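UniProt numbering puts the first residue of the sequence shown at 1, with every later residue one more than the last. Beta carbons are placed, not taken as given, at the ideal position from N, Cα and C, and that holds for glycine. All values reported here derive from a predicted model rather than from experimental measurement. To start, the structure under review is shown below, and the notes come after it.
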Amino acid sequence: MTAARTPTAAPRTDLELFATDALLDPFPHYARLRDLGPVVHLDEYDLYGLFRYEQVRAALVDWETFSSAQGIAMNPTANELSADSVLSVDPPRQRTLRKVFDDALRPKYVRKVAGDIERLAGELVDDLVRRGEFDGVADFACKLPVEIVMDLIGFPRDEHRADILRWALGAFNFMGPPGERQESTFPDVQALMQYLVTEATPDRLLPGSFGQIVWEAADRGEITGNEALMAMSAYACAGLDTTIAGVAGTLWLLALHPDQWRAVRQDPQLVPGAFLEGVRLETPLQAFSRVTTHDVEIDGVAIPRGARVLLSYGSANRDERNYPDPDRFDVRRNPVDTLGFGVGVHTCPGRTLASMEAHALFGALAERAVTLELAGEPVRSPNHVTRSLDRLPVRVS
Ligand code: HEM
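This is the structure we're talking about:
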């Protein structure tokens, strides 16, 4: 008779993954955590963590075990505040909330604005090439999200458009483990909610916008008023800074690797793959969490019921077990299986729109710029969830 195999406890680490240095350069830490085992326990934050590609992907797909219903942030306050968000519910309710996004963001609908996106990208890049030097964040990556996507969402065309990006980055910081950086960003969360309640009201949203689809669903009683408000918050947080981070991150990688830029310029068909590779390596949303609904065993390692588990998209995307030579930027890799947009029931509904923006921008740049290089040191601020650049001085000719 063979004795039943007992799962082992997860290896523990005191690594401070959310300390400033680690947030600015998490990749060596991710590699150590992947090597520790298929599951690790981050003692500092009392979090379990999955850092390998296969395990992160499997957990994202298995929403019945790895539930979003207790929130996906790393602290209880943020999770309570986002209780009615599409990101913080499981099916079947998630399917109802998700429908308001799918109704707006389905490829056949967003392709209607493809012409506007291409035209604006062309005009923008014409101007930047004339200038020669510019900021890859403010002048290149921000324009389409601010001018086209904010119109699509329906936010009023007023002075708050610049604030929304700042509040959203604050809201992502607020999702981190309890502490100074997390607490100090509460005013951003309050300001965003205040704006949604008093300024971006249903009667002031632009006609025919995504926001109107949200509030019409509330009027029909399909979703509650608070769920509609949280859907607007999801648009503000998930729909803008993410794209800006992905586009600026890809531009940075292309400027750092002249051979890869040359390849894209010579064959613009490589643009979609180059953007996916940028999203894989830079992973605009680095991690969210889930809570286990029962005791789980992953490759012989136990996670108890009710544990909060960090799912690191950023580490999974650099896992050498899935991507050969994972830290290399290779525009021909075409990593269609990247977890940068998530996978499973919460997979990003904005992927087509974000990709259209990126393809238009890099396509226009590949047509017009021969050389692309850094013109100064990029500036990056630490964030608990996002990986993004604040400034990226570049020069083109
Ligand atoms: C490069 C750009 C983008 C990246 C990297 C990105 C990334 C992601 C990821 C990783 C998730 C999954 C969250 C989870 O697993 O819990 C997600 C969900 C989501 N994204 Fe995106 N996103 C991008 C652009 C957009 C855009 C343009 C929009 C809308 C205009 C959008 C709206 C959403 C929404 C509403 C969700 C929640 C879906 C749900 O919970 O069912 N995203 N995104």
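Going by C-alpha to C-alpha distance, which of the options sits closest to residue i?
| i | options | result |
| --- | --- | --- |
| Ala171 | Ala121, Glu377, Ala238 and Phe275 | Ala238 |
| Ser315 | Asp46, Thr292 and Val279 | Val279 |
| Pro335 | Gly273, Val113, Ala358 and Leu152 | Gly273 |
| Arg321 | Pro38, Phe18 and Val296 | Pro38 |
| Ala358 | Met230, Thr250 and Leu15 | Thr250 |
| Glu118 | Val264, Leu361, Gly350 and His160 | Leu361 |
| Ala234 | Leu87, Arg95 and Pro393 | Leu87 |
| Gly376 | Tyr53, Ala255 and Asp203 | Ala255 |
| Ala141 | Ser397, Ala354 and Val385 | Ala354 |
| Leu374 | Trp261, Ser82, Arg161 and Pro26 | Trp261 |
| Arg130 | Pro378, Thr386, Leu365 and Val379 | Leu365 |
| Pro76 | Leu124, Glu183 and Val125 | Glu183 |
| Arg305 | Glu64, Leu24 and Thr20 | Glu64 |
| Arg166 | Leu152, Pro156, Pro177 and Val189 | Val189 |
| Phe101 | Glu16, Thr347, Arg5 and Asp163 | Thr347 |
| Phe66 | Glu54, Pro107 and His294 | His294 |
| Gly342 | Asp126, Ala302, Ala162 and Val56 | Val56 |
| Thr20 | Leu192, Ala302 and Pro177 | Pro177 |
| Asp319 | Arg32, Val394 and Tyr53 | Tyr53 |
So for residue i, helix, strand or coil by DSSP?
| i | result |
| --- | --- |
| Thr20 | helix |
| Glu227 | helix |
| Ala263 | helix |
| Pro393 | strand |
| Leu206 | coil |
| Ala10 | coil |
| Val279 | helix |
| Glu183 | helix |
| Leu253 | helix |
| Glu222 | coil |
| Glu297 | strand |
| Leu270 | helix |
| Ser233 | helix |
| Leu192 | helix |
| Ala248 | helix |
| Met175 | coil |
| Ala217 | helix |
| Thr201 | coil |
What does the alpha-carbon distance come out to for the pair residue i and residue j?
| i | j | result |
| --- | --- | --- |
| Val197 | Tyr30 | 39 Å |
| Arg328 | Ser312 | 19 Å |
| Ala22 | Val309 | 19 Å |
| Asn383 | Gly115 | 34 Å |
| Pro324 | Leu144 | 33 Å |
| Gly300 | Ala10 | 9 Å |
| residue 425 | Arg220 | An answer regarding residue 425 cannot be provided, because it is not within the stretch 1 to 397 covered by the chain. |
| Glu367 | Gly132 | 15 Å |
| Val370 | Ala263 | 11 Å |
| Gly179 | Arg12 | 21 Å |
| Arg388 | Asp241 | Looking at the sequence shown, residue 388 is not Arg but Ser. When rounded, the distance between both Cα atoms is 8 Å. |
| Asp158 | Pro207 | 15 Å |
| Glu297 | Pro7 | 7 Å |
| Val331 | Thr243 | 18 Å |
| Val146 | Val385 | 21 Å |
| Asp62 | Ser68 | 11 Å |
| Phe134 | Gly154 | 28 Å |
| Pro120 | Val149 | Sequence inspection shows Leu at residue 120; the Pro mentioned does not correspond to that position. One C-alpha to the other measures close to 12 Å. |
| Thr2 | Pro326 | For Thr2, the predicted model reports a pLDDT of 49, less than 50, meaning its position is unreliable; a value from the coordinates is still stated below. For Thr2 and Pro326, the distance between alpha carbons rounds to 41 Å. |
| Ser82 | Arg98 | 15 Å |
| Glu80 | Val89 | 12 Å |
| Leu124 | Phe275 | 19 Å |
| Gly363 | Thr352 | 16 Å |
| residue 398 | Glu16 | Since the displayed the chain opens at 1 and closes at 397, residue 398 lies outside it and no answer follows. |
| Glu44 | Pro26 | 16 Å |
| Val40 | Pro28 | 16 Å |
| Arg391 | Ala162 | 15 Å |
| Asn226 | Ala248 | 33 Å |
| Thr96 | Val113 | 25 Å |
| Leu192 | Ala78 | 14 Å |
Kindly give me the distance between the Cβ atoms of residue i and residue j, rounded to whole angstroms, as I take these residues to be in contact under 8 Å.
| i | j | result |
| --- | --- | --- |
| Thr224 | Asp84 | 7 Å |
| Val345 | Pro91 | 6 Å |
| Met175 | Ala200 | That belief does not hold up - the Cβ atoms of Met175 and Ala200 are roughly 21 Å apart, past 8 Å. |
| Tyr48 | Ala307 | 5 Å |
| Met74 | Ser289 | 6 Å |
| Glu277 | Arg333 | 5 Å |
| Pro284 | Ala236 | 15 Å between Cβ atoms; not a contact. |
| Asn317 | Gly340 | 6 Å |
| Asp337 | Ile213 | No, Asp337 and Ile213 are not in contact; Cβ-Cβ is about 30 Å, not under 8 Å. |
Flag residue i as yes if its beta-carbon sits less than 8 Å from any beta-carbon of chain C, otherwise no.
| i | result |
| --- | --- |
| Met175 | Structure shown: chain C not included; a single protein chain is present. |
Checklist entry - What beta strand (DSSP E) runs, 3 residues minimum, are completely inside the region 98-169? => result 133-135
Checklist entry - Which runs of the beta strand (DSSP E), 3 residues or longer, sit entirely within the region 302-386? => result 308-312 and 372-374
Next on the checklist: Ignoring anything shorter than 4 residues, give me the alpha helix (DSSP H) runs that lie fully in the region 24-99, in order along the chain.
Outcome noted: 27-36, 53-61 and 76-81
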